[in-house]
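**Q** First residue of the sequence shown: 82, per our numbering; consecutive thereafter.
Here a beta-carbon is modelled for each residue, glycine too, at the ideal position from N, C-alpha and C.
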Amino acid sequence: MTLENRTLLITGINRGLGRHLAEQVLEAGGRVAGTARNPNSLQALQARHGDRLRLFSLDLTDSEQITSVVNEAFSTFSLIDAVISNAAYSLLGAAEEVEPKQIRHLLETNLVGSILLARAALPYFRRQGGGRLIQISSSSGHAGLAGLSLYCASKWGIEGFYESLGQEVEPFGIQTTLVEPGAIRTDFGTTGVVSEPLEAYQGTPAHQFRHLADFQAPGDPSKMARAILDTLEGPAPTRLVLGQDAYQMIHHGMSSRLVRLELEGAVPTDHEPVTL
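#1: Tell me the DSSP secondary structure of Arg338 in three-state form.
#2: Considering Cα atoms alone, identify which of Asn121, Ala201, Pro354, Leu84 is closest to Ala103.
#3: Using 8 Å for Cβ pairs, my map puts Leu229 next to Phe155. What's the rounded Cβ distance?
#4: In terms of residue numbering, what span does the beta strand (DSSP E) encompassing Gln216 cover?
#5: Please specify which runs of the beta strand (DSSP E), each continuous and at least 3 residues long, are wholly inside the region 219-294, giving them in chain order.
#6: Can you tell me which of the three DSSP states Val355 falls into?
#7: Below 8 Å, how does it come out for the region 315-322 and the region 164-180: are there three or more Cβ pairs, yes or no?
#8: Just tell me which of Ala202, Leu136, Ala168, Arg133 has its CA closest to the CA of Asn152.
#9: Got a sec? Which residues, its chain only, sit under 8 Å from Ser276 by beta carbon, not counting five neighbours each side?
#10: Here's the rule I'm using: 16 or more other beta-carbon atoms within 10 Å means buried, otherwise exposed. How should Asp362 be labelled?
#11: Go ahead and label His223 buried or exposed: buried means 16 or more other beta carbons lie within 10 angstroms of its beta carbon, across all protein chains shown.
#12: What are the boundary residues of the beta strand (DSSP E) that includes Ser138?
#13: Could you compute how far the alpha carbon of Ala133 sits from the alpha carbon of Leu98?
#14: At 4 residues or longer, and completely inside the region 88-122: list those alpha helix (DSSP H) runs for me, N to C.
#15: Suppose you measure from the CA of Phe269 to the CA of Tyr170; what does that come to, to the nearest Å?
#16: With the cut-off set at 8 Å, would you say Leu188 and Ala199 are in Cβ contact?
Take a look at the structure:
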């Protein structure tokens with residue numbers, strides 16, 4: 082099945098990777114139910130593609146709105162082949178620097194919102210006899226980064242959820258994929274939330290990302306979007322790592338934890354065997 086015959090629900094299509102995903106599906110003749118916090122910014126895209134693009138306003142911190150959008154999207158297109166959960170943002174700052182309301186909003190958006198989106202789509206996919214859930218995660222879902230502790234927490238959380246979800250829904254013909262890109266050359270890093278710095282953290286690793294204004298991320302969002310959409314043509318990979326920088330970060334994170342585990346082992350805490 083080509084993209085011309087595909088219908089996808091994609092969150093966060095107003096910019097970045099989500100915009101590239103939506104445009105590639107539409108340009109190939111497919112259909113998109115696309116969400117953004119402010120869909121008015123997508124009127125030109127709507128005008129170009131007509132009724133093959135249906136726009137929805139979606140705030141992932143609003144659980145009722147998530148359910149409503151998913152219901153309306155499936156009602157509009159009858160059958161949706163895949164849901165791509167892309168919308169997210171970054172929160173820059175040491176854990177002590179970020180405010181509690183910032184922590185809650187980030188986790189409600191990146192983690193809880195993504196979970197509720199998948200959950201809302203499941204009844205439709207079960208009735209269809211299958212479907213694809215694609216979650217845009219990050220190489221930061223495997224490696225802790227000072228100054229991005231809360232963003233990493235949201236990605237480590239969604240990794241654990243999808244790892245378990247895939248096992249739950251496999252009997253229904255529903256496939257899941259975690260997409261783990263490295264740094265992408267979009268405005269993602271500049272549109273995130275930056276906490277107020279504390280003097281105590283000046284010169285520490287927690288402020289390493291506050292001085293990257295001129296950093297040129299290696300990842301090409303167009304190529305990444307193509308790689309994600311290409312997976313629709315065959316069996317779904319459990320994980321899709323995008324970029325050599327992502328591979329290196331994930332490999333280092335996983336191997337260093339394994340080394341520590343093997344060196345430290347486990348403290349024996351089992352019950353003593355009962356002797357009769």
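**A** On the basis of the data shown:
#1: Translated into the one-based positions of the sequence shown, residue 338 becomes position 257. Of the three classes helix, strand and coil, the one that applies to Arg338 here is helix, per DSSP.
#2: Along the sequence shown, read from residue 1 onward, the residue named residue 103 stands at position 22. The option with the nearest alpha carbon to Ala103 is Leu84.
#3: Indexing the sequence shown from 1 puts residue 229 at position 148. Indexing the sequence shown from 1 puts residue 155 at position 74. Leu229 to Phe155, Cβ: 35 Å. No contact.
#4: Residue 216 sits at position 135 when you count from the first residue of the sequence shown. Segment 212-217, the beta strand (DSSP E) holding Gln216.
#5: 255-262
#6: As a working note, residue 355 is residue 274 in the sequence shown. Reduced to three states, the DSSP call for Val355 is coil.
#7: no
#8: Working through the sequence shown from its first residue, we reach residue 152 at position 71. Per the Cα distances, Ala202.
#9: Here residue 276 refers to the residue found at position 195 of the sequence shown. Taken in chain order, the residues that qualify are Leu172, Leu173, Gly174, Ala175, Glu178, Val179, Glu180, Gln183.
#10: This structure cannot speak to residue 362, because the chain is shown only from 82 to 357.
#11: Indexing the sequence shown from 1 puts residue 223 at position 142. Buried, since its Cβ has 16 or more Cβ neighbours within 10 Å.
#12: Reading the sequence shown from its first residue, position 57 is the one you call residue 138. Run containing Ser138: 134-138, per the beta strand (DSSP E) assignment.
#13: For the purposes of this step, residue 133 is identified with residue 52 of the sequence shown, where counting begins at 1. For the purposes of this step, residue 98 is identified with residue 17 of the sequence shown, where counting begins at 1. Per the sequence shown, the amino acid found at residue 133 is Arg instead of Ala. One C-alpha to the other measures close to 19 Å.
#14: Qualifying alpha helix (DSSP H) stretches, in chain order: 97-108.
#15: Here residue 269 corresponds to residue number 188 of the sequence shown, with the count starting at 1. Here residue 170 corresponds to residue number 89 of the sequence shown, with the count starting at 1. For Phe269, the predicted model reports a pLDDT of 49, less than 50, meaning its position is unreliable; a value from the coordinates is still stated below. Roughly 7 Å separates the two Cα atoms.
#16: Numbered from 1 along the sequence shown, position 107 holds the residue referred to as residue 188. Numbered from 1 along the sequence shown, position 118 holds the residue referred to as residue 199. No, the pair does not count as a contact, with Cβ atoms beyond the cut-off.
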